[in-house]
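Okay, structure first, notes after.
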Amino acid sequence: MAAAEVLESEIKALIVEALALEDVSPEEIETEAPLFVEGLGLDSIDALELAMALEERYSVTIEDDPERNQQIFASVQSLAAFVADQRAGAGGA
Amino acid sequence: MIPLSHWFDARAPADAPVAFGREGERSHGDLRANVAALAARLAPAKGGDLLLHCEDAYAFAVGLLAAARVGARAVLPPARQPGTLRSLVGEIDGVLLDGDPPEAIGGKPCWHPLEAPESPPPLDPSPLDRDAPLAVLFTSGTTGAARRVEKSVRHLEDEVAVLERCFGAQLGPDARVLATVAPHHLYGLLFRVLWPLAAGRPFLRSPVLHPEELAPHSGDEAPFAVATTPVTLRHLVLRSDLARRRGSCRAVFSSGGPLAAELARRTAEVLGCVPVEVYGSTETGGVATRQQQAGDEPWRPMPGVEVAVDAASGCLAVVSPFVSAGEPVGGGRSRFVTGDAVASVEQGAFRLLGRADRVVKVGERRLALPDMEEHLRRHPTVAEVALLALGMGAGEARVAAVVVPSAEAWDALAAGGRRALAKSLTEHLAPDFARVLLPRAWRFVAALPRDAQGKVPSDALRALFESDAPLLAPERLAVRRGERHLDLHLRIPWDLVFFDGHFPGSPVVPGVVQVHFALLALEELLGRAARVRALEALKFHDLLGPGAETWLRVRVDEDGARFRFSLEDAGRPERLFASGRGRLEGGR
Chain A
760 MAAAEVLESE IKALIVEALA LEDVSPEEIE TEAPLFVEGL GLDSIDALEL
810 AMALEERYSV TIEDDPERNQ QIFASVQSLA AFVADQRAGA GGA
Chain B
283 MIPLSHWFDA RAPADAPVAF GREGERSHGD LRANVAALAA RLAPAKGGDL
333 LLHCEDAYAF AVGLLAAARV GARAVLPPAR QPGTLRSLVG EIDGVLLDGD
383 PPEAIGGKPC WHPLEAPESP PPLDPSPLDR DAPLAVLFTS GTTGAARRVE
433 KSVRHLEDEV AVLERCFGAQ LGPDARVLAT VAPHHLYGLL FRVLWPLAAG
483 RPFLRSPVLH PEELAPHSGD EAPFAVATTP VTLRHLVLRS DLARRRGSCR
533 AVFSSGGPLA AELARRTAEV LGCVPVEVYG STETGGVATR QQQAGDEPWR
583 PMPGVEVAVD AASGCLAVVS PFVSAGEPVG GGRSRFVTGD AVASVEQGAF
633 RLLGRADRVV KVGERRLALP DMEEHLRRHP TVAEVALLAL GMGAGEARVA
683 AVVVPSAEAW DALAAGGRRA LAKSLTEHLA PDFARVLLPR AWRFVAALPR
733 DAQGKVPSDA LRALFESDAP LLAPERLAVR RGERHLDLHL RIPWDLVFFD
783 GHFPGSPVVP GVVQVHFALL ALEELLGRAA RVRALEALKF HDLLGPGAET
833 WLRVRVDEDG ARFRFSLEDA GRPERLFASG RGRLEGGR
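Top to bottom, those sequences are chains A and B. In terms of our numbering, the first sequence is residues 760 to 852. In terms of our numbering, the second sequence is residues 283 to 870.
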């Protein structure tokens, strides 16, 4: 499995665990599907908890830029890209 | 009307009926004789505290009046369980019980209220002091900790006078009072015993467990009135023969919880009386009444009761002569702030949102859980529902739902699984509730957990979410255990986690899971981990699906080296779901 895919499935597991989702297994979450409202149907409290879980797990920092955050939290794919990006930044600096 | 304080000097005909039931009829003369005899025996407890608990409401009345006569307070335990009695026994001077004295009362003197009325001395006719404390009651409370509430003679007799003023004409002078509620709670104390005694209406003395038991006591021609709770009323309307005597039904009272509009309507149809709902609490006594004709009518305070919204809590504040807790405000009245959130008070009439602790905050939004429950109940797949707020994920409060699916919904559950049902219920709520308020966890159960008062304890609801036991294991209906066998009567729950994907549209408990249940039972029988060396003769005879009831039987042989198990249909023992045997490592 490519590194991106590993990260994506990690994040799927994190979503199910951190949000205590019932009846959803990580494999069922589609990588590119919207997380909020449509798709998985997460809400504003989930957004906060997911952000907290991501910060704890990956030591990433989520900025107070609403537009950027909307892009980051759009899907598992965009979340994984964001985490990979921050890690690369931290490693390369 | 005989006010309680003047019961002792009242001149009622000695043959006037007072109580009836399986234990026999009793007259006013009998009651005076019993009270006189008991009061004479109670002399040593004068001015003390007497624990009073009787199954027979007539014996209860004798105990209460005799205690009042000797100036003792009657302490009314909410239940007769040894634990309850033990917790109270330290503070009391004696016990009045209509049964064998249980060990839990220690060495305290114990009297049977109806024992040996042998030529008692005449009953002292002097009136009771209206301000004398008469009874100590306990509120069940939502927090679990019982609180003591003291009632003086005047609190009780004044409320009885108001009840008679409001409903006396409707009942008529001689209606038989059929109450299903125990006299140890305020509602039963007033409606079952004190009001009938004061008004000269005979009351049912026998304890009533099932509503079916009421009909035989309704008499042949006599008019009757019913005092009950919403839970019992539902069964009474559905199953009781009382409907045959609807022409004689004068009134139906319901208290102890909100009455569904639909049940109010059904009651009117079946018994010919629109039920009178009584709203009150142990602390406040009766506060308001209503009759739901169209549904959701506001509550109207009883005469002498003032209500307002308490600014600090948003809860209903009550000022009345029946309030025996809270702060005195003069004129024999007190003010007590209830735990019930008020929606509005208009021209005295008010609407309630439910228990204040049932109004929760989720994501900064207020949600009255009863409101959402009402919404869910309108969905055809929901028979009953209870909501609660639970800390989930990082501890954020979320709404969780416990649903009893309707008959049709069981099929939907079987076909689509719990996930599809939860989704359709969520979609049903979505147009009316903010997204963060939608329930995040669902449990589908055969019945809501209820306590003896018919209330749904929040602890019991929470427990359904605390472990995943209801999803991983079958419900246990009965257990039979011997030295070398264990039989478990099980019901396969509809939301068993093993049904997901096995198979869509036709859920079946996988064979390996049936063996898993059997091995768990084996370990329970052995009292240790079972190390299975081999499984033999495994047979899966028939499909085991959701809703099925099965006897799971496990046997071990004498040396503990071999075992057998079977799962059989609880309704048809000859039909087997699975069977097998095996060998264990290291028998005895």
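Ideal Cβ placement from N, Cα and C applies to all residues, glycine included. These numbers come from a predicted model, not from an experiment.
Spatial neighbours of residue i within its chain, please: C-beta separation below 6 Å, excluding the five flanking residues on both sides.
i: Asp338/B; result: Glu305, Asp380 and Arg487
i: Gly607/B; result: Note on residue identity: the sequence assigns Ala, not Gly, to residue 607/B. Val431, Glu565 and Phe618, listed in sequence order.
i: Gly577/B; result: Ala543
i: Ile770/A; result: Val835, Leu838 and Ala839
i: Ala348/B; result: Val317, Leu320, Ala321 and Leu324
i: Val552/B; result: Val519 and Ala525
i: Glu850/B; result: Trp833 and Leu858
Might you give, ordered along the chain, the residues of its own chain that have their beta carbon closer than 8 Å to the beta carbon of residue i, omitting 5 neighbours on each side?
i: Gly621/B; result: Thr424, Cys597, Arg637, Ala638 and Asp639
i: Ile821/A; result: Ala810, Leu813, Glu814, Asn828 and Ile831
i: Val727/B; result: Val684, Val685, Val686, Leu746, Pro752 and Pro775
i: Glu805/B; result: Ala811 and Ala812
Going by DSSP, name the residue or residues bridged to residue i.
i: Cys392/B; result: Val377/B
i: Ser536/B; result: Thr510/B and Glu559/B
i: Phe618/B; result: Val600/B
i: Arg846/B; result: Arg837/B and Arg863/B
i: Ser309/B; result: Pro299/B
i: Glu801/A; result: Sequence inspection shows Leu at residue 801/A; the Glu mentioned does not correspond to that position. Per DSSP, Phe795/A.
i: Phe726/B; result: Val685/B
i: Leu240/B; result: The shown model of chain B, from 283 to 870, leaves out residue 240/B, and the question about it has no answer.
i: Ser434/B; result: Pro415/B
i: Leu486/B; result: Phe302/B
i: Arg633/B; result: Ser626/B
i: Trp581/B; result: Phe632/B
i: Cys531/B; result: Phe506/B
i: Phe799/B; result: According to DSSP, which records beta bridges pairwise, Phe799/B is partnered with nothing at all.
i: Arg647/B; result: Val644/B
Does residue i come out as helix, strand or coil in the three-state DSSP assignment?
i: Thr571/B; result: strand
i: Cys336/B; result: coil
i: Thr549/B; result: helix
i: Met674/B; result: strand
i: Glu769/A; result: helix
i: Val738/B; result: coil
i: Ala843/A; result: helix
i: His771/B; result: strand
i: Trp477/B; result: helix
i: Ala852/A; result: With a pLDDT of 42 at Ala852/A, under the threshold of 50, the predicted position of this residue should be treated as unreliable, though the coordinate-derived value follows. Coil.
i: Glu815/A; result: helix
i: Glu503/B; result: coil
i: Gly823/A; result: According to the sequence displayed, residue 823/A carries Asp and not Gly. Residue state, collapsed to three classes: coil.
i: Val863/A; result: With chain A represented from 760 up to 852, any question about residue 863/A goes unanswered, as that position is not in the structure.
i: Glu666/B; result: strand
i: Glu872/B; result: Absent from the structure is residue 872/B, since the part of chain B shown begins at 283 and ends at 870.
i: Phe747/B; result: helix
i: Leu826/B; result: coil
i: Pro364/B; result: helix
Leaving aside the five residues before and after residue i along the sequence, list all residues of the same chain whose C-beta is less than 7 Å from its C-beta, in chain order.
i: Lys390/B; result: Val371, Ile374, Gly376 and Val377
i: Glu609/B; result: Ser616 and Arg617
i: Ala751/B; result: Confidence at Ala751/B is low in this model, with a pLDDT of 45, below 50, so its placement is unreliable and the value that follows should be read with caution. Taken in chain order, the list of residues that qualify is empty.
i: Leu245/B; result: Absent from the structure is residue 245/B, since the part of chain B shown begins at 283 and ends at 870.
What whole-angstrom Cβ distance do residue i and residue j have, given they're in contact under 8 Å?
i: Gln836/A; j: Thr790/A; result: 5 Å
i: Glu797/A; j: Trp724/B; result: Actually they are not in contact, since the Cβ atoms of Glu797/A and Trp724/B sit about 21 Å apart, beyond 8 Å.
i: Gly303/B; j: His499/B; result: 6 Å
i: Arg532/B; j: Gln452/B; result: 6 Å
i: His823/B; j: Leu770/B; result: At roughly 18 Å, the Cβ-Cβ gap does not stay under 8 Å, so His823/B and Leu770/B are not in contact.
i: Leu472/B; j: Phe290/B; result: With 8 Å as the limit, Leu472/B and Phe290/B do not qualify as a contact, their Cβ atoms being about 19 Å apart.
i: Met654/B; j: Phe715/B; result: 6 Å
Could you tell me if the beta carbon of residue i falls within a distance shorter than 8 Å of some heavy atom in the ligand GDP?
i: Ala623/B; result: Within the structure as shown, the ligand GDP is missing, as the structure has no ligands at all.
Three or more beta-carbon pairs under 8 Å between the stretch 354 to 369 of chain B and the stretch 466 to 473 of chain B, yes or no? yes
Do the stretch 631 to 651 of chain B and the stretch 662 to 682 of chain B make contact, defined as three or more Cβ pairs closer than 8 Å? yes
So, do the stretch 291 to 300 of chain B and the stretch 378 to 393 of chain B have three or more beta carbon pairs nearer to each other than 8 Å? no
Under 8 Å, with one C-beta from each stretch per pair, do the stretch 435 to 446 of chain B and the stretch 806 to 820 of chain A reach the 3-pair mark? no
Does the stretch 789 to 808 of chain B come within contact of the stretch 840 to 858 of chain B, defined as at least 3 CB pairs closer than 8 Å? Inter-segment contact for the stretch 789 to 808 of chain B and the stretch 840 to 858 of chain B is present: three or more beta-carbon pairs are separated by less than 8 Å.
Do the stretch 511 to 528 of chain B and the stretch 472 to 487 of chain B meet, that is, are 3 or more Cβ pairs less than 8 Å apart? no
Closer than 8 Å is the cut-off here; do at least three beta carbon pairs connect the stretch 450 to 465 of chain B with the stretch 486 to 500 of chain B? yes
Touch check for the stretch 306 to 324 of chain B and the stretch 444 to 453 of chain B: three-plus C-beta pairs under 8 Å? no
Using 8 Å as the Cβ pair cut-off and three pairs as the minimum, do the stretch 578 to 590 of chain B and the stretch 552 to 570 of chain B touch? yes
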